[in-house]
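Under my numbering, the residues of the sequence shown are numbered 1 to 87, in order. One structure below.
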Amino acid sequence: MANPRPPIMAYFQFTHLPAGPLQEVSCRFSKLAYELYTTLPAGPELSVALRKLLESKDAAVRAALGAPTSGDFVAEHTNWDMIGPGE
1 MANPRPPIMA
11 YFQFTHLPAG
21 PLQEVSCRFS
31 KLAYELYTTL
41 PAGPELSVAL
51 RKLLESKDAA
61 VRAALGAPTS
71 GDFVAEHTNW
81 DMIGPGE
């Protein structure tokens, strides 16, 4: 009997993204998520694997958007000890 579809799988959809790099990157993660949930037994380890894959997908999609430029807040700060909460 196949695993029931985990709710987290909804976050691996990619057709809502614009065609191009964002959709291409997300599609790769979607395919792997589908392969994992259809081939591995249901349980806590599958849940962790899918959750961490989702975190990786989100980071990869952000990377595909582009890195911060020199005018961005993050690039302007070099002394991280000086940055306090809310800055």
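For each residue, glycine too, the CB sits at the ideal point set by N, CA and C.
**Q.** DSSP-derived helix/strand/coil call for ALA60
**A.** For the purposes of this step, residue 60 is identified with residue 60 of the sequence shown, where counting begins at 1. Here ALA60 sits in helix by DSSP.
Q. For the alpha helix (DSSP H) that PHE29 lies in, which residues bound it at each end?
A. Along the sequence shown, one-based indexing puts residue 29 at 29. Taken as a continuous stretch (DSSP letters only), the alpha helix (DSSP H) holding PHE29 covers 21-39.
Q | Rounded separation between PRO21 and PHE29 - CA only | A | Here residue 21 corresponds to residue number 21 of the sequence shown, with the count starting at 1. Here residue 29 corresponds to residue number 29 of the sequence shown, with the count starting at 1. Spanning the two alpha carbons is a distance of roughly 13 angstroms.
Q) Under a three-way DSSP split, which group does ALA42 fall into? A) On the sequence shown, position 42 is the one that residue 42 refers to. Reduced to three states, the DSSP call for ALA42 is coil.
Q) With 16 as the cutoff for other CB atoms within 10 Å, does VAL25 come out buried or exposed? A) For this step, residue 25 is matched to residue 25 along the sequence shown. The residue in question, VAL25, is buried, as its Cβ has 16 or more Cβ neighbours within 10 Å.
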